[in-house]
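Numbering of the sequence shown is given in the working numbering, commencing with residue 321 and proceeding in unit increments. Everything on this sheet refers to the single structure shown next.
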Amino acid sequence: MCNLIDSIFTLDEARQIRRFPLSSTAVQDSLVCLGEQTDEYAICSGYKILVSGGLKGSALVVSTSQYKIFYNKLWKIHCPLKQKIMLWRIYKDYVPTMYSLYNKRVATVETIHHAMVGCELPLEVWATYSIYCDTSQKQ
């Protein structure tokens with residue numbers, strides 16, 4: 321099991337995953353939301369947990385004051401929502417850069433050319449719309 325975790329996640333992520341305790345008995349899994357009497361998750365309850373720092377010692381703990389400052393500034397920017405979302409993705413390091421792909425152990429380098437015309441699926445999409453690409457020319 322450890323080899324599988326190591327092959328998928330970065331070293332830091334794998335360490336965090338291994339910190340989760342495993343049950344020694346076979347019990348039925350259930351989803352429980354901390355802080356709610358109904359044990360059901362709601363966006364506002366997740367926000368309350370983050371703001372209160374209710375998950376101390378967990379990998380999910382974040383610097384809420386840092387996030388608050390960033391998000392307050394981000395959402396006040398006058399620009400299209402998709403640009404705000406892109407900024408958020410950059411801030412959270414959710415943009416698949418070469419570095420982040422390397423850390424996630426994605427071995428092959430995928431260029432834009434490869435993603436758009438180098439694979440069979442994109443070529444099928446282009447053909448569906450009668451758009452044909454000369455795949456012999458790489459840029």
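Beta carbons: idealized from backbone N, C-alpha and C, even for Gly.
Alpha helix (DSSP H) containing S420: first to last residue? Taking the first residue of the sequence shown as 1, we reach residue 420 at position 100. Residues 418-423.
Which of helix, strand or coil DSSP assigns to T448: Position 128 of the sequence shown, counted from the start, is the residue given in the question as residue 448. In the three-state reduction of the DSSP assignment, T448 falls in the helix class.
Please determine, among S344, L342, I325, the residue with the shortest C-alpha to C-alpha distance to R335. Stepping through the sequence shown from its first residue, residue 335 is reached at position 15. The candidate whose alpha carbon is nearest that of R335 is I325.
Assign F390 to one of three DSSP states: helix, strand, or coil. By one-based count along the sequence shown, residue 390 stands at place 70. Here F390 sits in helix by DSSP.
DSSP-derived helix/strand/coil call for I397: On the sequence shown, position 77 is the one that residue 397 refers to. Note: I397 maps to coil in three-state DSSP.
Return the CA-CA distance between F390 and L407, expressed in angstroms with no decimal places. Along the sequence shown, one-based indexing puts residue 390 at 70. Along the sequence shown, one-based indexing puts residue 407 at 87. Roughly 10 Å between the two C-alpha positions.
If you reduce the DSSP assignment to three classes, tell me which class L342 lands in. As a working mapping, residue 342 is identified with position 22 in the sequence shown. Residue state, collapsed to three classes: coil.
Rounded C-alpha distance that separates V426 from L342: The residue labelled residue 426 in the question sits at position 106 within the sequence shown. The residue labelled residue 342 in the question sits at position 22 within the sequence shown. Approximately 28 Å between the Cα atoms of the pair.
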